[in-house]
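To start, the structure itself, in structure tokens.
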Amino acid sequence: MVAEKPKPGTEEVPKSTGDSAKASSVPTRCAFCKKRTGLASSYHCRCGNNFCAQHRYAEAHACVYDYKTEARRVICEANPVVNAPKLPKI
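For the sequence shown, full-length UniProt numbering begins at 1 and goes up steadily by one.
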């Protein structure tokens with residue numbers, strides 16, 4: 001048996017893994033002061049950004065995430081309205 005040659009233009013191109021390695025090696029920086037943060041000193045906020053230890057609190061970096069609405073939603077889901085059955089009238 002003779003192995004068939006692949007048709008021109010249908011060969012699989014190996015995917016390079018070099019791009020993903022470079023993306024993960026990019027140092028994370030504080031979104032507020034651009035200070036370089038390490039693994040232990042990097043804080044991920046609910047607004048989606050990374051911050052240093054100095055700007056980790058919402059008040060310190062003028063966070064746009066609405067904590068109050070989220071807390072209300074969580075409370076409403078955790079505490080559903082309970083309706084007691086009415087007593088029959090005498």
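We put the beta carbon where it would ideally sit given N, CA and C, even for glycine.
Own chain, CB closer than 6 Å to residue 91, minus 5 neighbours either side, in chain order: No information on residue 91 is available, as it lies outside the stretch 1 to 90 that the chain covers here.
At least 3 beta-carbon pairs within less than 8 Å: the segment 47-57 vs the segment 31-38: Judged by Cβ distances under 8 Å, the segment 47-57 makes contact with the segment 31-38, as three or more pairs qualify.
Where the alpha helix (DSSP H) containing residue 76 begins and where it ends: From DSSP, the alpha helix (DSSP H) with residue 76 extends over 67-78.
For residue 89 and residue 75, the rounded distance between their alpha carbons: Whole-angstrom Cα-Cα distance: 34 Å.
Closest residue to residue 61 among 82, 69, 43 (Cα-Cα distance): In this structure, 43 is the residue among 82, 69, 43 with its C-alpha nearest to the C-alpha of residue 61.
Collapsed DSSP secondary structure at residue 83 in the structure displayed: Three-state result, residue 83: coil.
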